[in-house]
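> Using this note's numbering, the first residue of the sequence shown is number 35, and each one after it goes up by one.
Cβ coordinates follow ideal geometry from the N, Cα and C atoms, glycine included.
Just so we're clear, the structure is a prediction, and the values are computed from it rather than from any experiment.
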Amino acid sequence: MKRKNWAECGLRWVLVLSAVWLLLFFLDQNKKLGNLGQYSEETEVFRQMELSEALLERLNELSEETGYSMGEEIAVFLPTFRFQMEDHEKEMTQESLEKWDLFYTEKKSQSFARLKESCRAIWDDLECFPVENGEKKMVFEDSWMFARTYGGERGHEGTDLIPPKNFRDYYQIVSMTDGIVEKIGWLEKGGWRIGIRSEHGGYFYYAHLSSYAKEFQIGEKVEAGDLLGYMGDTGYGVEENTSGKFDVHLHLGIYIKTERMEEMSVNPYWVLRFLQLKVRENS
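1. Just to confirm, are proline 198 and tyrosine 205 a CB contact at a threshold of 7 Å?
2. Could you spell out the range, first to last residue, of the beta strand (DSSP E) harbouring glutamate 78?
3. Can you look up lysine 133 in the DSSP assignment and give me helix, strand or coil?
4. Could you compute how far the alpha carbon of histidine 122 sits from the alpha carbon of threonine 114?
5. Quick check on methionine 172: buried or exposed, where buried means 16 or more other Cβ atoms within 10 Å of its Cβ?
6. Please name the residue in Glu216, His242, Phe238 whose C-alpha comes closest to that of glycine 225.
7. In angstroms with no decimal places, state the Cα-to-Cα distance between phenylalanine 80 and serine 74.
8. So, is tyrosine 303 buried or exposed, given that buried needs 16 or more other C-beta atoms within 10 angstroms?
9. Just mark leucine 136 as buried or exposed, buried being the case when its beta carbon has 16 or more other beta carbons within 10 Å.
10. Using only the alpha-carbon positions, how far apart do isoleucine 207 and glycine 271 sit?
11. Going by DSSP, what residue range makes up the beta strand (DSSP E) through methionine 265?
12. Relative to the C-alpha of leucine 309, which residue among Thr211, Lys150, Leu96 is closest?
13. Look at glycine 235 and alanine 247 and say whether their C-beta atoms are less than 7 Å apart.
14. Just to confirm my understanding: we take methionine 255, look at its own chain, exclude 5 residues before and 5 after, and list those with CB closer than 7 Å. What are they?
15. Give the list of continuous alpha helix (DSSP H) stretches no shorter than 4 residues that lie fully inside the stretch 125-209.
16. Can you give the Cα-Cα distance for glycine 269 and phenylalanine 201, rounded to whole angstroms?
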C-alpha cells in the first residue's frame with residue numbers, strides 16, 4: 035500500500051512539474067509575441083538601437099556560422115530580448131536564432147516582415163567605413179538626439195566623425211554601400227551633402243563636405259568604397275559655400291522608409307563601430 039502511494043505521489047509531482055513547465059513555456063512565448071508590436075520599427079527604442087562591441091562581434095560570428103545577414107539576426111533578437119540586446123550575446127546561438135525566426139514568421143508574419151525589412155535597410159549593405167584615410171583615428175561618440183540649436187531646438191539625427199586635424203578638403207569620404215545618388219547639392223544645415231540609397235532601401239547621408247570628388251548626377255550608381263568627396267565645415271548658412279561655423283567633421287545620417295514614415299532617422303553610432311570592427315579584422 036505504501037509503495038503504491040509513493041508511486042502515485044511521484045506521478046502527481048511529474049504531472050505538476052510538467053504543467054508548470056508548459057505554463058512557463060507558453061508565458062515566455064506570449065511575452066516574446068508581445069515584444070513585437072505592429073510598428074516596432076518606428077519606436078524610439080528601435081531608432082536608438084543600443085548595442086555593444088561584444089554583441090556586434092557575436093552577431094558577426096553567428097552570421098558567418100549560419101548564413102543569416104546582420105539585419106536578419108538583429109530583427110530576430112530585438113523582440114526576443116525586448117529591444118535591449120546588450121549583455122545577451124551568450125544566448126545568441128544558431129538554435130535560438132532559427133527557433134525565434136520561425137516563431138515570429140509563423141505567429142506575427144506581417145509585423146516581423148516589416149521589422150526585418152527595416153533592419154536589413156540599415157545593416158545589410160554595409161561595406162566600408164566612411165572615411166578612407168583616417169578610419170582608425172576618427173573620434174565619434176553616441177550623440178544621438180543631443181541638443182542642437184541652429185534653426186531652432188532639435189535633436190541630433192546622426193553621428194559626427196571628428197578628424198585628428200582640423201583640415202578641410204583632406205580627409206576622403208567614401209560610400210559605405212553600393213547604391214544610387216538620390217540627393218546632392220547645398221542644404222542650409224548640412225552644407226554640401228550627398229545622399230546614397232542602398233540596395234535594401236537605407237538612405238546614407240554625408241554632410242558638411244568641403245568638395246565633391248566629381249560632378250555626381252542624381253540616379254548615378256556608386257559602389258562601396260567610391261570616393262564621394264572631402265570632409266569639410268560647410269553649412270549653417272542659406273548662402274552656398276558658407277563655412278567656418280564649426281570645426282571640420284563628417285555628419286553621417288542613416289534614414290529608412292517605414293510603413294507610415296517616408297523618412298525616419300536611426301542612430302548610426304553602432305553601425306560605425308561595426309564597420310571599424312570589420313576594418314580591424316581585414317587589416
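Per the coordinate set shown:
1. no
2. Glutamate 78 -> not in any beta strand (DSSP E); alpha helix (DSSP H) instead, spanning 78-82.
3. helix
4. 10 Å
5. buried
6. His242
7. 7 Å
8. buried
9. exposed
10. 22 Å
11. 261-265
12. Thr211
13. no
14. One point to set straight first is that residue 255 is lysine, not methionine, in the sequence displayed. The answer, listed in chain order, is Ile214.
15. 128-141, 143-157
16. 16 Å
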